[in-house]
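A quick write-up on the structure given underneath.
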Amino acid sequence: MKHIAIIGGGVTGLTLASKQKKAGNKVKLFESENRVGGVVQSKRINGFLIDLGANTLNVRLKKTKKILEDHNAWNNCVEANKLANKRMIVRGGNIIELPHGLLSFITSPFLSIKGKIRLFFEPFIPRAKNSEQETVASFISRRLGKEALMYGANPFISGIYASKPESLNLKQAFPKLWDIEKNYRSIILGMLKLSKKKGNPNLKKPRLISYHNGMEELVENLSTSMKDEIFLSHSVQKISPSKNRWAVTCKNKSGEILKEDFDEVFSTIPSHKISSIEWNGIKEQQDIAKLSTASNYPLALVYLGFKRESVKHPLDGFGFLVPEVENLKILGTLFSSTLFPGRAPDGQVLLTTFVGGERNPELANLPESKILSLVKTELAHLLDIHGDPTFVEIKKWKNAIPLPDQGMAERKKTAENLSKMYPGLFFRGGHLEGVSLPNCLDPRSF
Ligand SMILES: Cc1cc2nc3c(=O)[nH]c(=O)nc-3n(C[C@H](O)[C@H](O)[C@H](O)COP(=O)(O)OP(=O)(O)OC[C@H]3O[C@@H](n4cnc5c(N)ncnc54)[C@H](O)[C@@H]3O)c2cc1C
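Numbering (the working numbering), first residue to last: -5 to 440.
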């Protein structure tokens, strides 16, 4: 039995702690805040239920479902409204629906005729020459054309990473797409072949889920079996080697300094926090500094409640995303009360709008009154809203999402090298393994 310290009680740390406990190890999880969950947080205010971080969990893989089942977080989940399959973007200043079948593909104005015809050339496009360094933008425009980049990838990347396709490394951001091109050349043909292959890791029917009490319920389920292992308000200050083991020094709520030795230490804290810990006895301090360099941008989430009759748009979908060429200030809006039940009181709706990110980082740092005003102005036009909101809340994230940028491969190599040089020391988390919740739910335990 090993004695293991996990630093950080977000989804990554909680899942890792539970994995280690199941493997028969003695685990202590140190979390600096007085709650677990990290960026996954939900709040009930005046009858509205808002998610301050992740809003949805996309369960595509069989193994993600199994992890949720193992943590009693599957039977109690709530599947998104079927309307969530209807995705929208802004084009020409108006919200339009993205196609979901052949007929709608032909009739939808999401791409020009030229842009649509260009998609059909995809199976004939050769593989990339220098694919390790290729950006998502280069991949999409090379395989699907410039218009698919502008009106497809650009808003899609902004919806997932609040970033730009030009800044993301394809292999790190979408490893499966990278693999498919490498193995099958064409993405369309490759996907068709893979869907028929035996041992497909994907569920037959992917599910987009949340919970009755918001995403925070996931965190509660992940932590119920570990009440004795979790140490809240314990901020790790220092990690140092100690006779072939690792000494972890924490400061607790009352300011006491506590020190304990462990066989293994797993850091699951975000990239931008790594340098806040003193990593004693590690000669390669430049490597620790490198792990702290994942790029991330500020993001503001603006929650607005309205009386249903104040919003003329039917809100009959997941929400909409704004391509950069549309020159709007907001990045997109989720129709939160359409997606899941219980998000707004009867007769009202809840909209969650994203501002800032890599496209406009300065907007997320504006005073709340200015952010509110720009969101209200743009939503009033796009969704035909009349009247004032009945509910307003804003959440600002200073360092929202660590990007799978061109430096990510190097950061992963650095983390692996440190683990080789310093046995028993491991680095995990979205900045190294991918930010989506399914990735965070499945961290490597060795
Ligand atoms: C606004 C937003 C929206 C998102 N939406 C989605 C979505 O809809 N779907 C999706 O799949 N993903 C989404 N994500 C991504 C996903 O939520 C995160 O990648 C994931 O929750 C990160 O979990 P984590 O455990 O790796 O890190 P974190 O949640 O950051 O947890 C790290 C923990 O470490 C603690 N910590 C830091 N320093 C110390 C220290 N010195 N000592 C002890 N503890 C420390 C922190 O307090 C924190 O609790 C979103 C992210 C954001 C920011």
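C-beta: ideal position from N, C-alpha, C; glycine also.
Exercise. Helix, strand or coil for M82 per DSSP?
Worked result: strand
Using the beta-carbon count (16 or more within 10 Å), is R29 buried or exposed?
exposed
- Task: Grab me the residues of H380's own chain with a C-beta within less than 6 Å of its C-beta, minus the 5 sequence neighbours each way, in chain order.
- Result: S304
Below 8 Å, is the gap between the Cβ of G442 and the nearest heavy atom of ligand 1?
Residue 442 is absent from the model: the chain starts at -5 and stops at 440.
**Item:** Alpha-carbon to alpha-carbon, V130 and G350
**Value:** 20 Å
If I measure Cβ to Cβ from G326 and keep anything under 8 Å in the same chain, skipping five residues before and after, which residues do I get?
P149, S152, G153, G313, F314, L315, V316, T347, F348
- Task: Could you spell out the range, first to last residue, of the beta strand (DSSP E) harbouring W240?
- Result: 239 to 245
**Study point:** Where the beta strand (DSSP E) containing R38 begins and where it ends
**Key:** 36 to 39
**Asked** Which partner residues does V230 have in the DSSP bridge list?
**Response** C244
key: Spatial distance of L216 from K198 (CA atoms)   = 25 Å
Three-state secondary structure assigned by DSSP to I181: helix
Per DSSP, V349 forms a beta bridge with which residues? A294, I324
For M185, which residues of its own chain have a beta-carbon under 7 Å away from its beta-carbon, when the five flanking residues on both sides are left out? I174
Once DSSP output is grouped into helix, strand and coil, what is the label at V305?
strand
query = In three-state terms, what does DSSP make of V386?
reply = strand
Practice problem: Give the straight-line distance between the Cα atoms of L345 and F385, rounded to the nearest whole angstrom. | Solution: 10 Å
Whether G7 touches E25 by CB criterion (9 Å) = yes
contact_flag[the stretch 395 to 414, the stretch 281 to 292] where n(CB pairs < 8 Å) is 3 or more: yes
Suppose you measure from the CA of G338 to the CA of N49; what does that come to, to the nearest Å? Looking at the sequence shown, residue 338 is not Gly but Ala. Roughly 15 Å separates the two Cα atoms.
- prompt: Which of the three DSSP states, helix, strand or coil, is assigned to W172?
  reply: helix
| What are the start and end residues of the alpha helix (DSSP H) that includes K192? | It is not in any alpha helix (DSSP H) - K192 carries neither H nor E in the DSSP assignment.
Can you find a heavy atom of ligand 1 that lies under 8 Å from the Cβ of I203? no
Could you check whether C244 and V259 sit closer than 9 Å to each other, using their CB atoms as the reference points? no
Is the beta carbon of K112 less than 9 Å from the beta carbon of A142? According to the sequence displayed, residue 112 carries Arg and not Lys. Yes.
- request: Between the Cα of K165 and those of E250, Q400, N411, spot the shortest distance and give me the residue it belongs to.
  value: Q400
Q.
For ligand 3, is there any heavy atom lying closer than 8 Å to the beta carbon of K267?
A. With respect to ligand 3, the structure offers nothing, as its ligand set consists of ligand 1.
(Q) Could you compute how far the alpha carbon of N79 sits from the alpha carbon of H(-3)? (A) 45 Å
Notebook entry, point to check: For the beta strand (DSSP E) that R54 lies in, which residues bound it at each end?
Noted result: 51 to 55
Do you know whose CA, among L43, I107, E387, V21, lies nearest S219's CA? V21
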